[in-house]
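Here the numbering used here = 1-based position in the sequence shown + 587. Just so you know, even glycine gets a beta-carbon here, dropped at the ideal spot from N, CA and C. These figures come from a predicted structure and were not determined experimentally.
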Amino acid sequence: VTVSEDSMRDVAIDCVGRPWAVLLEKPPGLDVGEVEAIESAAAEAGQKRVHVALNRRFYSSTAAARDDLEPRP
588 VTVSEDSMRD VAIDCVGRPW AVLLEKPPGL DVGEVEAIES AAAEAGQKRV HVALNRRFYS
648 STAAARDDLE PRP
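Structure, rendered in structure tokens:
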């Protein structure tokens, strides 16, 4: 699911109510409350196949940023 951030909650809730595997692009909501609403809707629907794309954690730029944030001795 790739939609604007302000549409994600409603579209995701619609999707988790269907018999689909759902992959949400980042961010999965505007705030924690929206993500929790999606999670609740998925649980109510018995949906167990909802994922969020977090592929950037493996990018070299992300690894470099994490290294820069590590405390130095």
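If you compare the alpha carbons of 643, 629 and 658 with that of residue 605, the shortest gap goes to 629. The straight-line gap separating the alpha-carbon atoms of residue 642 and residue 613 is approximately 10 Å. A straight-line Cα-Cα distance of about 8 Å links residue 621 and residue 615. Under a 10 Å Cβ-count criterion, residue 611 is classified as buried, with 16 or more other Cβ atoms of the shown protein chains found around its own Cβ.
Nearest C-alpha to residue 636 among 591, 625 and 646: 625. In the three-state reduction of the DSSP assignment, residue 656 falls in the helix class. Bridge partners of residue 639 according to DSSP: 611.
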